[in-house]
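Residue numbers (my numbering), protein chains in the order written: chain A, 3 to 388; chain B, 3 to 388; chain C, 256 to 578; chain D, 128 to 405; chain E, 57 to 321.
Where is the CB? At the ideal position from N, CA and C, for every residue including glycine.
Everything numeric in this text was worked out from a predicted model, so none of it was measured.
Scroll down for the structure; my scribbles are underneath it.
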Amino acid sequence: MTSATQTMIRDAAVGSIDIEAVSKSYGDAEVLSEVSLSIPAGSFLTLLGPSGCGKTTLLRLIAGFISPTRGRIRIDGRDMTDVPTQKRPIGMVFQNLALFPHFSVAENIAYGLKLRRVDAASIRTRVDKFIHLVGLDGLGDRRIAQLSGGQKQRVALARSLVLEPSILLLDEPLSALDMQLRKQLQFALKDIQKQLRTTFVFVTHDQEEATMISDRIVVMSNGHVQQVGTPQEIYADPQNLFVSKFIGEVNQLPGRVQAVGQRLAIATGAGTVDLPSHVARGHDPAVGDSVIVCLRPEKISIHEPGETLAPDMVTAAAVVRDALVIGPLTRVTLDAQGTRMVSVRMTDTPGRIASGQQVQIAFPADSARVFAPLSADMASAFGEDA
Amino acid sequence: MTSATQTMIRDAAVGSIDIEAVSKSYGDAEVLSEVSLSIPAGSFLTLLGPSGCGKTTLLRLIAGFISPTRGRIRIDGRDMTDVPTQKRPIGMVFQNLALFPHFSVAENIAYGLKLRRVDAASIRTRVDKFIHLVGLDGLGDRRIAQLSGGQKQRVALARSLVLEPSILLLDEPLSALDMQLRKQLQFALKDIQKQLRTTFVFVTHDQEEATMISDRIVVMSNGHVQQVGTPQEIYADPQNLFVSKFIGEVNQLPGRVQAVGQRLAIATGAGTVDLPSHVARGHDPAVGDSVIVCLRPEKISIHEPGETLAPDMVTAAAVVRDALVIGPLTRVTLDAQGTRMVSVRMTDTPGRIASGQQVQIAFPADSARVFAPLSADMASAFGEDA
Amino acid sequence: EVIHATWGGGGARTLGEFVQKPFSDQTGIETRVVEVPNTAGAVRSPTASQYNAVTVTFFEGVGLSGTDLLEGFTDEEIPEVKNLPPEVVIRNEEGLIVGIPTYFAYYGIVYNSDLASAEDFKSWKNLADPKWKGKLAITRPVYAAAYDLTMLAHANGGDAENVEPGVETLKGLIANALTTYTSLAHMNTLLGTGEVTAVPFYSTRVWHLQNEGQKNIKIVIPEEGGLMLAYAVVSPKGAANREETRQYLNYLAGAESQVAVSVEGGGIPTNNTAKLPQAYLDTLGTTREELMKQMYVPDWKVVWDHHEERINMVEQLMSEAAK
Amino acid sequence: MNTGEKPTLAKGLMLLPALIVLGLFFISVIMLFSNAFVDRGGFSLKYFEQILSRPDYHVVFYRTVLTSIVVALLAVLLAYPIALLLWRSERHRNMLLIVVLVPWLVSLVVRTYGWIILLGPKGFLNAFLGWVGVIDTPLKLMFNDTGIVIGLTHVLIPFAVVSILASLLSIEENLEEASRVLGANRLQTFRTIVLPLSLPGVFTSLMVIYLASVGAIVTPLLLGGITEKFVGSQIYQEVMATFNMSKAAAWSICLLTLSFVSLVILKLIERRALRGQE
Amino acid sequence: MRKLTPLTKTLGIVLLLMLPAPIVIVFGASFNGSGYIQFPPDSWSIRWYIEAFTDPRWGRAVLTSLWIAAIVATLITAISFLAAYFTLRYAPRISGWLELAIFSPLFFPHASMGVAAVALMAAMGIVGTPWAIILAHLMVTLPFSYRPIHVALRSVDPDLIRAAEVLGASELRALWDIILPICRSGILTSLLFTGIISFDEVTVTMFLIGPDITTLPVQIFTFIQDDASPVLAAISTLSVIITFLAILLLERVAGLSFFVQRQSG
Ligand SMILES: Nc1ncnc2c1ncn2[C@@H]1O[C@H](COP(=O)(O)OP(=O)(O)OP(=O)(O)O)[C@@H](O)[C@H]1O
Ligand SMILES: Nc1ncnc2c1ncn2[C@@H]1O[C@H](COP(=O)(O)OP(=O)(O)OP(=O)(O)O)[C@@H](O)[C@H]1O
Ligand SMILES: [Mg+2]
Ligand SMILES: [Mg+2]
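Below you can see the structure in the form of structure tokens.
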């Protein structure tokens with residue numbers, strides 16, 4: 003993956019997408035409901051959500067393979083309703099790549115240029131340039147069947163990019179690859195996107211991938227947009243329990259609200275916790291409500307019993323169950339009065355943690371989040387029975 | 003996943019496997035070379051390695067689908083050479099599960115018992131017990147096609163476990179699942195293994211999974227065993243560059259040895275580093291040798307330029323390129339005199355890191371490892387051209 | 256048990272009902288008809304001995320007599336032979352009887368009376384008249400070489416030995432032919448629908464079609480005569496129950512069975528003592544004696560000996576006609 | 128399933144029944160072929176010489192091959208739209224497939240008889256066309272090459288439909304969409320993507336239909352005219368009417384040789400056309 | 057995008073409807089009142105059906121054809137299953153050769169095949185017995201049976217049988233319990249397809265019949281040598297109906313997808 007030539011860097015104002023209250027139904031089933039989304043030109047946006055939530059459907063709508071039941075889609079401000087696929091300024095990389103098996107690598111990449119009646123010499127130079135860009139030098143004459151998974155991936159990318167679309171749609175392009183290759187290509191994708199300033203709309207259901215690669219993430223579930231934001235925003239400040247659970251690991255303490263006001267008092271299995279009321283998200287808890295208190299594992303620190311902690315820390319007594327070293331991180335499983343909690347810390351952190359050890363756990367009160375429990379249809383995304 | 007009944011906890015002395023100098027060739031191609039391995043009864047051993055390294059072949063040898071070209075395999079000390087598959091005390095969970103699609107959940111689990119002519123009443127109780135053990139209560143009458151991926155996984159597990167084999171072979175049982183479910187089942191597997199004290203031989207090519215789940219890991223490559231050890235040992239003290247790169251992320255500084263003795267002086271792109279000579283692994287570096295200095299990202303700390311550091315720290319000037327927050331960890335990419343380095347730290351760590359910032363990086367001298375470069379055939383596992 | 260193989264269709268049923276049943280009633284010997292698509296083929300097949308008696312065309316019977324495939328009987332064993340015209344009794348080289356002629360049909364010109372009249376076919380030579388272009392049909396080379404060529408040779412003054420005189424007329428017929436017909440059913444259809452006006456064809460077929468209500472299909476015996484086509488019954492060598500078979504063959508040679516079969520199937524008995532019922536003679540419109548006079552009986556042995564080369568010749572004639 | 132598992136001898140018995148059936152087939156073929164070199168008890172190449180020396184026999188072979196080529200091309204041409212139709216009607220595909228399969232599996236004699244009724248000078252088709260007023264004199268549709276071509280093509284179309292459909296169905300899901308995104312319209316997509324990728328099915332059909340047509344018996348017998356002889360019908364005649372097994376065997380050998388040569392040529396064309404496709 | 061242009065669609069439909077045309081004609085002709093086959097019929101009658109049902113020869117031939125078809129279909133399916141399983145699991149390398157051998161009868165002119173078969177069966181002394189017909193039909197149907205079974209087996213996860221073995225099943229037991237039920241549709245396709253072929257086969261069969269045995273198509277063929285009454289059309293119509301019902305049954309129980317799966321790859 004080497005530097006793109008200057009000519010290919012586009013005006014950053016081209017390639018914006020506006021999705022305005024789009025719904026899509028198949029028969030009675032509504033698979034997208036009132037989705038509104040504004041994608042700035044040149045950004046890397048990822049659609050993230052469990053299987054069947056409508057990610058592919060949204061891409062297909064943008065590509066024009068299907069039309070919205072309601073709502074409209076604009077590209078660079080222009081209504082796309084009556085623009086057929088082949089006239090839209092988009093490229094697409096399919097999950098199964100959809101490379102033409104009867105063409106060579108170079109022929110695949112040249113196909114779109116040929117359709118545009120570019121002259122043979124220009125085709126040759128541009129194809130070569132993109133073969134080089136995606137790091138496939140020397141493989142132009144190979145048949146598709148003779149390529150490895152990662153190489154195919156790059157051909158699919160080059161085939162789309164050579165047309166210099168202002169928008170590139172990518173439908174889980176990495177899901178078929180194994181871990182090593184996937185990591186490698188994630189960086190490559192991001193590099194290329196930065197170089198070319200193309201708008202990337204990327205689909206995945208892998209949250210780690212989404213976090214690594216995107217400027218902004220759209221978390222979807224059941225045809226609804228759950229949250230839009232940068233990876234950090236979504237990780238640090240999820241707007242509901244679905245997002246919280248779907249992105250990263252989380253400790254969940256089911257509880258019942260005991261008092262509301264400036265602060266929330268919530269009775270949980272690990273004792274009553276007292277939190278500033280601004281930690282509630284997506285709902286206004288009332289006394290008696292069932293709620294879930296969520297804590298990211300890294301917010302939970304482990305201390306000697308009796309150690310004095312800052313006043314804004316919520317504490318509880320716990321017993322270490324298990325400490326698992328996973329590379330740089332150590333994952334400590336704890337038992338806080340019958341509730342299982344997980345804490346992570348750098349493996350190098352001083353202080354021995356042993357199975358069975360009595361400890362005090364603590365977390366900053368405002369690092370917790372309080373959500374309403376999941377509705378049944380969302381719970382199913384996590385394989386939970388409602 | 004609930005507690006197994008007492009009766010199922012086996013004598014920990016049953017279920018050991020000894021692989022004695024086993025080789026396996028297909029025609030001219032040797033896919034396993036002189037593999038020796040001793041697997042204690044009741045342990046959780048993971049075979050980890052890139053695609054095609056021979057993991058499945060080793061499992062098939064243990065299961066008896068194929069026979070070794072040379073060497074022998076013993077189970078509980080008994081030579082297995084002439085024992086057919088169906089007589090070996092093993093169970094197996096296949097990568098694609100291999101559930102019988104025309105049987106219900108209960109029928110799948112009962113099949114092995116039926117073959118053993120267990121009476122119907124006992125079959126019923128034992129099947130129920132294991133349905134409960136893997137947390138599938140109430141789903142006994144479901145067709146396989148009506149199950150989710152994770153549920154299928156559990157049926158496959160129960161089907162093997164109900165026969166109470168002393169050894170369970172698992173060939174990438176989780177690779178088809180998506181991240182969420184995969185994490186969940188990793189813990190479940192480990193729990194069950196602990197409860198039943200069955201010997202688990204688990205295959206994966208996902209190093210994170212291997213680290214999470216195993217007592218011991220066998221790293222394989224090209225039909226050879228590269229290293230055997232606990233996850234921590236393998237992460238912290240890899241014996242060669244292959245293992246180092248394959249497990250976790252690593253910064254590689256190619257260099258040339260300038261001096262040997264009590265300490266090693268190695269000239270790298272980021273300056274000459276001075277290391278205690280015990281950090282060399284797998285070879286004895288001589289002056290002039292090409293070597294690779296490896297550093298785990300979490301060993302690299304970032305400091306203000308000019309900050310005084312402990313004397314055993316190796317330091318270098320660098321510029322921050324990029325800082326990416328991935329959940330609890332922040333991944334900082336740095337440019338140390340033209341060499342790309344990656345450092346990770348907890349996202350909460352105080353001190354702002356901004357793109358373009360001049361910093362001083364440092365690592366403890368004895369946290370580095372010095373290896374010989376990879377041979378060509380191993381490099382290919384990482385998609386590198388030799 | 257005596258098993259008699261014959262072609263499928265109506266003939267088989269007639270044989271069972273009007274020959275075998277009375278025979279069995281008289282002698283107590285069980286008999287059965289089986290149908291095969293190709294009777295001569297059955298005799299030549301390695302498994303012929305599963306049949307006691309097989310009906311073949313006279314011509315094929317003659318051909319078979321030169322092989323070692325047929326059981327021979329002496330004149331004493333088949334007393335009825337004395338009543339048969341000697342030229343239609345098939346004998347092998349040793350003079351043993353190997354084929355019993357049962358009844359005969361003849362080859363005449365069959366036409367659709369809506370499209371032509373008997374006047375049109377007074378002579379076999381009329382078939383070569385160009386006015387019939389595309390309106391006639393001809394049988395396949397294998398039969399055309401044996402029947403049509405021989406008959407046309409006779410009509411032009413030749414005979415079985417010297418067929419050359421018939422070749423020109425045959426060429427004319429070929430030139431006029433719309434198609435070769437491959438089965439009797441095929442030809443029936445072509446005649447019935449009027450796609451073909453006339454064709455050298457079998458008398459029994461016409462009688463049959465008329466019985467079915469196709470009154471417009473008629474046969475004419477041209478002035479040069481009709482070709483007598485007797486049906487012979489042979490007994491494959493090695494078949495079981497020789498004595499019962501002998502009795503059965505003798506019965507087939509007798510007048511009683513021949514009359515019965517003829518009346519049902521439109522044929523004429525070969526047995527000289529046969530007395531046909533008047534009603535049947537009326538439908539024929541002639542008498543047996545009258546017919547016998549019009550029949551041309553070639554030396555089938557000679558025809559058989561030249562068969563392969565004449566097939567080749569006819570094939571080539573047909574192929575040339577296409578150019 | 129390739130796993131390198133080694134079978135025991137007993138397991139090898141599973142293959143035995145199939146080998147017996149195949150073995151018997153090949154033995155019978157050898158028995159037949161050995162006839163070809165025998166005449167009146169001695170070794171002879173008489174019938175091969177006859178085939179080589181008689182121009183009318185050359186015509187038979189030539190006609191058989193030429194007609195079969197026409198039939199194969201025509202069948203594929205007519206089958207393609209049907210295959211496209213079935214490919215696109217996912218919901219009714221099975222029903223439509225029945226319409227294709229039933230005629231295919233119905234006895235050949237029955238089907239060919241249907242054509243005789245349909246095609247004759249007084250047949251339904253001519254009567255209908257005359258009634259509509261399209262024609263004055265009946266078209267000559269039967270008892271000539273036209274009849275054979277119609278009959279054989281009809282008999283063999285279902286095979287082409289099925290194998291072209293198989294090829295179409297194995298075209299990967301998104302290829303057409305990919306082509307559209309890259310800027311191709313419907314026609315371009317068909318020409319550059321769908322058509323080339325369905326060629327394997329087309330070639331399979333060409334091959335099988337050609338072979339079936341070259342070896343046909345019943346259709347040329349029933350629908351051909353006086354001179355429209357096929358190699359198959361000649362063999363049939365030698366077997367069924369003149370009992371000349373030696374000649375039939377010689378003709379069979381020539382027919383097989385011819386089929387084999389044609390097959391090789393077709394394979395070469397296919398290799399060129401499918402360059403790059405697996 | 058997933059739709060055809062109306063022109064292509066119409067063309068496809070018209071061509072499709074031509075396929076059953078001759079059969080419809082035969083069907084119509086079977087109700088013809090007069091003595092020869094004709095369409096459209098000049099008068100209507102079911103007398104040919106009455107004749108078909110009252111003449112015992114037809115009934116006998118139908119029964120014979122049916123039971124021979126049943127035996128042939130069962131045997132050849134079992135034979136193909138074992139062979140396909142063995143090659144797929146243990147001898148994938150010979151699978152190409154085996155397929156070539158199995159498909160070679162397809163390239164052999166049928167007339168010659170009948171002659172070849174009769175020579176062999178005669179040498180074995182079984183001409184005229186059902187065994188000769190059955191054996192010949194096995195040769196004729198082998199490719200048609202092997203194909204769907206091979207396709208079905210190939211798509212079965214080979215680990216299923218290993219899973220059964222690890223659970224303690226012998227190989228035969230595993231085949232019976234697991235693989236057979238899973239390949240059901242391929243097996244049914246083979247059963248019905250070969251059954252239909254055997255039921256309709258005439259070219260080879262007519263050389264092998266004997267006094268005690270004849271099949272329906274041979275009976276039809278024999279019949280038309282001598283007779284052209286529309287009883288033939290009636291019988292043909294009945295055999296079309298039998299075929300149609302068999303296909304319908306197949307569609308119900310196994311689907312028809314096996315007809316449209318690629319041979320390889
Ligand atoms: N053509 C269609 N007809 C009916 N329902 C459809 C159709 N296409 C998709 N759906 C349904 O719409 C929903 C959303 O599908 P979509 O393919 O967009 O999901 P996705 O988020 O891409 O899932 P995945 O991660 O599994 O690819 C699913 O429930 C799916 O079953
Ligand atoms: N039956 C066979 N014949 C020939 N080579 C084989 C056979 N089975 C496996 N191999 C080869 O042996 C090597 C090891 O295969 P194996 O399946 O054990 O790899 P693996 O480590 O399980 O890989 P993966 O992670 O892709 O499953 C591969 O190179 C493979 O191609
Ligand atoms: Mg999708
Ligand atoms: Mg494997």
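Apart from the five residues on each side of it in sequence, which residues of its chain come closer than 6 angstroms, Cβ to Cβ, to residue 301 (chain B)?
-> Walking along the second sequence from the start, residue 301 (chain B) turns up at place 299. Listed in chain order, the non-local C-beta contacts of residue 301 (chain B) below 6 angstroms within the same chain comprise 365 and 369, local neighbours out to five positions each way being set aside.
Residue 564 (chain C), buried or exposed, once every other Cβ within 10 Å from all chains shown has been counted against 16 = Locating residue 564 (chain C) in the third sequence gives position 309, where the first residue counts as 1. Exposed, because fewer than 16 other Cβ atoms sit within 10 Å of the Cβ of residue 564 (chain C).
Whole-Å CB distance - residue 195 (chain E) paired with residue 292 (chain C), under 8 angstroms assumed = On the fifth sequence, position 139 is the one that residue 195 (chain E) refers to. On the third sequence, position 37 is the one that residue 292 (chain C) refers to. That belief does not hold up - the Cβ atoms of residue 195 (chain E) and residue 292 (chain C) are roughly 20 angstroms apart, past 8 angstroms.
Is the closest heavy atom of ligand 3 to the C-beta of residue 97 (chain A) under 8 angstroms?
-> Start at 1 with the first residue of the first sequence, and residue 97 (chain A) comes out as number 95. Correct: residue 97 (chain A) has its Cβ closer than 8 angstroms to ligand 3.
The beta strand (DSSP E) with residue 457 (chain C) in it runs from where to where?
-> Indexing the third sequence from 1 puts residue 457 (chain C) at position 202. Counting along the chain, residue 457 (chain C) sits inside the beta strand (DSSP E) bounded by residues 453-457.
In DSSP terms, what residue 43 (chain B) is bridged to | If you number the second sequence from 1, residue 43 (chain B) lands on position 41. Bridge partners of residue 43 (chain B): none, in fact.
Exposure of residue 255 (chain D), with buried meaning 16 or more beta-carbon neighbours within 10 Å | Translated into the one-based positions of the fourth sequence, residue 255 (chain D) becomes position 128. By the Cβ-count criterion, residue 255 (chain D) is exposed, with fewer than 16 other Cβ atoms from all chains shown falling within 10 Å of its own Cβ.
Is the distance from the Cβ of residue 230 (chain B) to the Cβ of residue 215 (chain B) below 9 angstroms?
-> Counting from one through the second sequence, the residue named residue 230 (chain B) turns up at place 228. Counting from one through the second sequence, the residue named residue 215 (chain B) turns up at place 213. In this structure, residue 230 (chain B) keeps its C-beta atom at 9 angstroms or more from the C-beta atom of residue 215 (chain B).
Which class does residue 321 (chain E) belong to by DSSP, given the choice of helix, strand or coil?
-> As a working note, residue 321 (chain E) is residue 265 in the fifth sequence. With a pLDDT of 31 at residue 321 (chain E), under the threshold of 50, the modelled position of this residue cannot be trusted; read the value that follows with caution. Here residue 321 (chain E) sits in coil by DSSP.
Could you pull the start and end residues of the beta strand (DSSP E) that residue 22 (chain B) belongs to?
-> Reading the second sequence from its first residue, position 20 is the one you call residue 22 (chain B). Run containing residue 22 (chain B): 19-28, per the beta strand (DSSP E) assignment.
DSSP on residue 203 (chain B), reduced to helix/strand/coil?
-> Position 201 of the second sequence, counted from the first residue, corresponds to residue 203 (chain B). Looking at residue 203 (chain B) - three-state DSSP - the assignment turns out to be strand.
Through-space distance from residue 178 (chain D) to residue 185 (chain D), alpha-carbon basis = For the purposes of this step, residue 185 (chain D) is taken as residue 58 along the fourth sequence, with counting starting at 1. For the purposes of this step, residue 178 (chain D) is taken as residue 51 along the fourth sequence, with counting starting at 1. Pairing residue 185 (chain D) with residue 178 (chain D), the inter-Cα distance amounts to about 7 angstroms.
Is it right to say residue 318 (chain B) is buried, meaning 16 or more other beta carbons lie within 10 angstroms of its own, or is it exposed?
-> Mapped onto the second sequence, residue 318 (chain B) falls at position 316. It counts as buried.
Tell me, please, whether the CB atom of residue 368 (chain B) is closer than 9 angstroms to any CB atom in chain A?
-> As a first step, residue 368 (chain B) is located in the second sequence; it is residue number 366 there, counting from the start. Residue 368 (chain B) is outside the set of residues whose beta carbon lies under 9 angstroms from a beta carbon in chain A.
Indicate whether residue 330 (chain B) and residue 299 (chain A) have their beta-carbon atoms separated by less than 9 angstroms.
-> Here residue 330 (chain B) is taken as the residue at index 328 of the second sequence, counted from 1. Here residue 299 (chain A) is taken as the residue at index 297 of the first sequence, counted from 1. Closer than 9 angstroms, so yes.
Inter-residue CB distance, residue 101 (chain E) and residue 193 (chain E) (contact presumed, cutoff 8 angstroms) | Sequence index remark: in the fifth sequence, residue 101 (chain E) carries index 45 (1-based). Sequence index remark: in the fifth sequence, residue 193 (chain E) carries index 137 (1-based). No, residue 101 (chain E) and residue 193 (chain E) are not in contact; Cβ-Cβ is about 36 angstroms, not under 8 angstroms.
Check each candidate in C:450, C:344, C:330 and C:453 and name the one with the smallest Cα separation from residue 501 (chain C).
-> One-based indexing of the third sequence puts residue 501 (chain C) at position 246. In terms of CA proximity to residue 501 (chain C), C:330 leads the group C:450, C:344, C:330 and C:453.
Compare the Cα-Cα distances from residue 58 (chain A) to each of A:338, A:117 and A:95 and report the closest residue.
-> Here residue 58 (chain A) is taken as the residue at index 56 of the first sequence, counted from 1. When only C-alpha atoms are compared, the closest one is A:95.
Does the stretch 230-246 of chain B touch the stretch 81-88 of chain B, meaning 3 or more C-beta pairs lie closer than 8 angstroms?
-> With a cut-off of 8 angstroms, the stretch 230-246 of chain B and the stretch 81-88 of chain B do not count as touching, because too few Cβ pairs lie within range.
Which residues of chain B have a Cβ atom closer than 8 angstroms to the Cβ of residue 218 (chain E), listed in chain order?
-> Counting from one through the fifth sequence, the residue named residue 218 (chain E) turns up at place 162. For a Cβ distance threshold of 8 angstroms, residue set 65, 67, 87, 94, 96 and 100 of chain B lies close to residue 218 (chain E), ordered along the chain.
Could you please give me the residues that DSSP links to residue 333 (chain A) through a beta bridge?
-> As a working mapping, residue 333 (chain A) is identified with position 331 in the first sequence. Beta-bridge partners of residue 333 (chain A) (DSSP): A:326 and A:346.
Looking at chain A, which residues of the stretch 297-308 of chain D have a Cβ within less than 8 angstroms of any of its Cβ atoms?
-> When C-beta distances to chain A are compared with 8 angstroms, the residues of the stretch 297-308 of chain D below that value are 299, 300, 301, 302, 304, 305, 306, 307 and 308, in chain order.
Could you say if the stretch 336-343 of chain D and the stretch 277-291 of chain D meet the contact criterion of at least three C-beta pairs nearer than 8 angstroms?
-> A contact between stretches requires three or more CB pairs, one per stretch, nearer than 8 angstroms, and the stretch 336-343 of chain D meets this requirement with the stretch 277-291 of chain D.
Helix, strand or coil: which one does DSSP assign to residue 73 (chain A)?
-> Within the first sequence, the letter at position 71 stands for residue 73 (chain A). Residue 73 (chain A): strand per DSSP, three-state reduction.
Since residue 275 (chain C) meets chain E, which of its residues come closer than 9 angstroms, beta carbon to beta carbon?
-> If you number the third sequence from 1, residue 275 (chain C) lands on position 20. Taking the beta carbon of residue 275 (chain C) as reference, no residue of chain E falls within 9 angstroms; the closest one sits roughly 14 angstroms away.
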